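Engineer:
In full-length UniProt numbering, the protein residues as written are 1 to 632.
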């Protein structure tokens, strides 16, 4: 609510507030009116005195006195009308200035309008102005008794009205302002009508012109007040419409802002999700082979002291991997270490894990020709199985991709005496105790170490077998001294290891099974291993179940039948793994003489006596075998 005491209402001169000026002017107008009223009353009193003397003076001119009184009343009415118009004009000026002041206050706050407080303030000012118009300006009529007839005398009390207008800073009831809308109250209008009626009824002049003049003055005041009220009502409605439009515009703006904000948040989330999906795809593709169809080897040199970041940069530059940074972070995330220096032959078809395995294995001191293919020899393979394996190139994922070698040529080579003698000279510790050719099915059976071997376009079949023998020799180098101190030579150690490879699946079982074989050899008992009999039957390596292995023919006539023959076979029956060799060189310390595997689960049960062994066989082999037969 605007207060006239606010500095914003001061005039341009700054000396006095606008309110003070209005008050001074109204006081001056009231003072002048008071002087006029005093003159009017004085004239009336003189008239009364004159009337009193009429009885004494029979020559008193009544018509002349009435004419003078009429002129005085007309002059007083005109003066009151002018003063009323002047006060109304000043009130309108006040209202206009207040409205402009409110508009200036509302403009900078338009965007923050949430309620119609400015409109209510405007209504308050309108009500104040209306009060000034209807209460302060409207004349109150006092009746003066003039010996039998009444003369209405307008009396103004501006000083009593001014404090009512400007004393309070806020209306008693905000809703009342909205109802008034700058309109004079019905009581005030009724008072005005009564004043007009009083002027009309109390006029006792001969021609009645005073009554007409007085009524006309009252009607003029009422008409001006109604016009002013209508103007203010229209202004108030216009202000409400503008405020309503502003509020609607603000609501629309807020709704639009909320929609825009929602879309922005949605787009941000969409970008984050898309970025995360793309990041996952990019990392996955960077770890996968760069070119799955590539068979071309690339020679890569890894310098000494190179870290994951530098190695990644070298591999990316050579076209082996997609992103060096992903390679570096992956090695750190997986905690890969021991990436060795040297020369490597790598392909773009290798995955990141495959490349890391190559780097952990170590490179060569000098560049070598890249391999043309790869041959995989699984653990426990026989020579006949190895002969088939060397025909398949495992270097590519293309099924049926062949090497330049044939299984027939391989089997012919491993029986070639000249080649065997040549290898004996090259690996004397490994091949010093080879079995006789007339006893062993293949002299080199079990001597080719199971591993993955690369070959180049210049690698011959002899070079390939030489590489396999050299790998076995390098792994046994750490065991030669201990084997030499035992009562079993390298050939016998490998023979036992070939049985342990097939009989046991875990390192613990292999160590116990090796202990059983040693205990039986020490007790001059046959080993009675089904693995040796299957080899004698030519079935070792075939896909047979434990039930089939338990029901094999143990009467076959062969030096590899360790049911009939005591001691060890002529030589190994397959290529044992390093784990099986370790179990034979360092067996467990037990007194077990027997073991049997559950035909369904493969779990191994050990016993020291034959009675315990028979129970285990009946429980884990016979019953389960018969139950299976009954179901079939």
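Yeah, the Cβ is synthetic: ideal placement off N, Cα and C, and Gly gets one too.
If you're wondering where the values come from, they're calculated on a predicted model, not measured in any experiment.
Go to residue 508, then tell me how far its alpha helix (DSSP H) extends in each direction, as first and last residue.
Structural biologist: One-based indexing of the chain shown puts residue 508 at position 508. Residue 508 -> alpha helix (DSSP H) spans 507-522.
Engineer: Roughly how far, in whole angstroms, is the beta-carbon of residue 464 from the beta-carbon of residue 453, given that I think they are within contact range, below 8 angstroms?
Structural biologist: Translated into positions along the chain shown, residue 464 becomes position 464. Translated into positions along the chain shown, residue 453 becomes position 453. Correct: roughly 6 angstroms between the Cβ atoms.
Engineer: Taking only the alpha-carbon atoms, compute the straight-line gap between residue 324 and residue 352 and give it to the nearest angstrom.
Structural biologist: By 1-based counting over the chain shown, the position of residue 324 is 324. By 1-based counting over the chain shown, the position of residue 352 is 352. Distance between the alpha carbons of residue 324 and residue 352 is about 11 angstroms.
Engineer: Between the C-alpha atoms of residue 307 and residue 334, what's the straight-line distance to the nearest angstrom?
Structural biologist: Against the chain shown, residue 307 aligns to sequence position 307. Against the chain shown, residue 334 aligns to sequence position 334. Their backbone Cα atoms lie some 14 angstroms apart in a straight line.
Engineer: So is residue 64 buried or exposed if we call it buried at 16+ other beta carbons inside 10 Å?
Structural biologist: Here the question's residue 64 lines up with position 64 in the chain shown. Answer is exposed; the Cβ neighbour count stays below 16.
Engineer: Taking 8 angstroms as the cut-off, decide whether the C-beta atoms of residue 510 and residue 580 are in contact.
Structural biologist: Reading the chain shown from its first residue, position 510 is the one you call residue 510. Reading the chain shown from its first residue, position 580 is the one you call residue 580. Yes.
Engineer: To the nearest angstrom, how far is it from the Cα of residue 504 to the Cα of residue 388?
Structural biologist: Counting from 1 along the chain shown, the entry for residue 504 is found at position 504. Counting from 1 along the chain shown, the entry for residue 388 is found at position 388. In a straight line, the C-alpha of residue 504 is about 25 angstroms away from that of residue 388.
Engineer: Less than 8 angstroms between C-beta atoms, sequence neighbours within five positions excluded: which residues of the same chain meet that for residue 381?
Structural biologist: Here residue 381 corresponds to residue number 381 of the chain shown, with the count starting at 1. Closer than 8 angstroms at Cβ, skipping near neighbours: 389, 450, 541, 574 and 575.
Engineer: Do residue 461 and residue 409 have their beta-carbon atoms positioned less than 8 angstroms apart in this structure?
Structural biologist: In the chain shown, counting from the first residue as 1, residue 409 sits at position 409. In the chain shown, counting from the first residue as 1, residue 461 sits at position 461. Yes; because the gap between Cβ atoms is below 8 angstroms, this pair is in contact.
Engineer: On the DSSP bridge list, what partners appear for residue 607?
Structural biologist: Position 607 of the chain shown, counted from the start, is the residue given in the question as residue 607. DSSP lists 594 as partners of residue 607.
Engineer: Can at least three beta-carbon pairs, one atom from the segment 339-347 and one from the segment 367-379, be found at a separation below 8 angstroms?
Structural biologist: At 8 angstroms Cβ cutoff, the stretches touch.
Engineer: Within 10 Å of its beta-carbon, does residue 73 have 16 or more other beta-carbons around it, so buried, or fewer, so exposed?
Structural biologist: Here the question's residue 73 lines up with position 73 in the chain shown. When all chains shown are included, residue 73 counts as buried.
Engineer: Please give the ranges of any beta strand (DSSP E) in the segment 363-420, keeping only runs that are unbroken, at least 3 residues long and fully inside the region.
Structural biologist: Listed in chain order, the complete beta strand (DSSP E) runs (minimum 3 residues) inside the segment 363-420 are 373-376.
Engineer: Around the C-beta of residue 266, are 16 or more other C-beta atoms found within 10 angstroms, so that it is buried, or is it exposed?
Structural biologist: Stepping through the chain shown from its first residue, residue 266 is reached at position 266. Residue 266 is exposed by the Cβ-count criterion.
Engineer: Give the DSSP-derived three-state secondary structure of residue 454 in the structure shown.
Structural biologist: Walking along the chain shown from the start, residue 454 turns up at place 454. Three-state DSSP puts residue 454 in a strand.
Engineer: Answer yes if the segment 347-362 comes into contact with the segment 415-429, meaning at least three C-beta pairs across the two stretches below 8 angstroms, and no otherwise.
Structural biologist: No: the two stretches stay apart, fewer than three of their Cβ pairs being nearer than 8 angstroms.
Engineer: Quick one, are the C-beta atoms of residue 328 and residue 309 less than 8 angstroms apart?
Structural biologist: Counting from one through the chain shown, the residue named residue 328 turns up at place 328. Counting from one through the chain shown, the residue named residue 309 turns up at place 309. Going by C-beta atoms, residue 328 is nearer than 8 angstroms to residue 309.
Engineer: My guess is that residue 359 and residue 420 are in contact by the Cβ rule of under 8 angstroms, so how many angstroms apart are they, rounded?
Structural biologist: Against the chain shown, residue 359 aligns to sequence position 359. Against the chain shown, residue 420 aligns to sequence position 420. Actually they are not in contact, since the Cβ atoms of residue 359 and residue 420 sit about 36 angstroms apart, beyond 8 angstroms.
Engineer: Pull up the distance between the alpha-carbon of residue 489 and that of residue 386, whole angstroms please.
Structural biologist: As a first step, residue 489 must be located in the chain shown, where it is residue number 489. As a first step, residue 386 must be located in the chain shown, where it is residue number 386. One C-alpha to the other measures close to 25 angstroms.
Engineer: Taking 8 angstroms as the threshold, find out whether the segment 604-620 comes into contact with the segment 474-481 through three or more Cβ pairs.
Structural biologist: Segments in contact, no.
Engineer: Spatial neighbours of residue 439 within its chain, please: C-beta separation below 7 angstroms, excluding the five flanking residues on both sides.
Structural biologist: For the purposes of this step, residue 439 is taken as the residue at position 439 of the chain shown. So the qualifying residues of the chain are 559 and 570.
Engineer: Identify whether residue 32 lies in helix, strand or coil by the three-state DSSP scheme.
Structural biologist: Within the chain shown, numbered from 1, the residue matching residue 32 stands at position 32. Helix, per DSSP.
Engineer: Which partner residues does residue 346 have in the DSSP bridge list?
Structural biologist: For the purposes of this step, residue 346 is identified with residue 346 of the chain shown, where counting begins at 1. In DSSP, residue 346 forms a bridge with 298.
Engineer: Between the alpha carbons of residue 237 and residue 31, how many angstroms are there, rounded?
Structural biologist: One-based indexing of the chain shown puts residue 237 at position 237. One-based indexing of the chain shown puts residue 31 at position 31. Residue 237 and residue 31: Cα-Cα distance of roughly 38 angstroms.
Engineer: Using three-state DSSP, classify residue 572 as helix, strand or coil.
Structural biologist: Numbered from 1 along the chain shown, position 572 holds the residue referred to as residue 572. Note: residue 572 maps to coil in three-state DSSP.
Engineer: Give a yes or no on contact between the segment 509-529 and the segment 587-607, applying the rule of three or more CB pairs nearer than 8 angstroms.
Structural biologist: Contact between the segment 509-529 and the segment 587-607 is present, because at least three Cβ pairs lie under 8 angstroms.
Engineer: Counting along the chain, where does the alpha helix (DSSP H) carrying residue 354 start and finish?
Structural biologist: Numbered from 1 along the chain shown, position 354 holds the residue referred to as residue 354. From DSSP, the alpha helix (DSSP H) with residue 354 extends over 352-361.
Engineer: I think residue 330 touches residue 290, with their Cβ atoms under 8 angstroms apart; what is that distance to the nearest whole Å?
Structural biologist: Locating residue 330 in the chain shown gives position 330, where the first residue counts as 1. Locating residue 290 in the chain shown gives position 290, where the first residue counts as 1. Not confirmed; about 14 angstroms, so no contact.
Engineer: How long is the line joining the alpha carbons of residue 26 and residue 248, rounded to whole angstroms?
Structural biologist: Numbered from 1 along the chain shown, position 26 holds the residue referred to as residue 26. Numbered from 1 along the chain shown, position 248 holds the residue referred to as residue 248. Cα to Cα, residue 26 sits roughly 43 angstroms from residue 248.
Engineer: Any idea what DSSP makes of residue 623, helix, strand or coil?
Structural biologist: Here residue 623 corresponds to residue number 623 of the chain shown, with the count starting at 1. Three-state DSSP puts residue 623 in a helix.
Engineer: Is the Cβ-Cβ distance between residue 512 and residue 531 less than 8 angstroms?
Structural biologist: In the chain shown, counting from the first residue as 1, residue 512 sits at position 512. In the chain shown, counting from the first residue as 1, residue 531 sits at position 531. Contact flag unset, no.
Engineer: Rounding to the nearest angstrom, what Cα-Cα distance links residue 599 and residue 372 in this structure?
Structural biologist: Here residue 599 refers to the residue found at position 599 when the chain shown is read from its first residue. Here residue 372 refers to the residue found at position 372 when the chain shown is read from its first residue. Taking the straight line joining both Cα atoms gives about 43 angstroms.
Engineer: Mapping the DSSP letters down to three states, classify residue 614 as helix, strand or coil.
Structural biologist: Taking the first residue of the chain shown as position 1, residue 614 is located at position 614. DSSP places residue 614 in helix when its eight states are reduced to three.
Engineer: According to the Cβ coordinates, are residue 29 and residue 81 closer than 8 angstroms?
Structural biologist: Start at 1 with the first residue of the chain shown, and residue 29 comes out as number 29. Start at 1 with the first residue of the chain shown, and residue 81 comes out as number 81. Not a contact, by the Cβ cut-off of 8 angstroms.
Engineer: Please report the distance separating the alpha-carbon of residue 297 from that of residue 476.
Structural biologist: As a working note, residue 297 is residue 297 in the chain shown. As a working note, residue 476 is residue 476 in the chain shown. C-alpha separation (whole angstroms): 31 angstroms.
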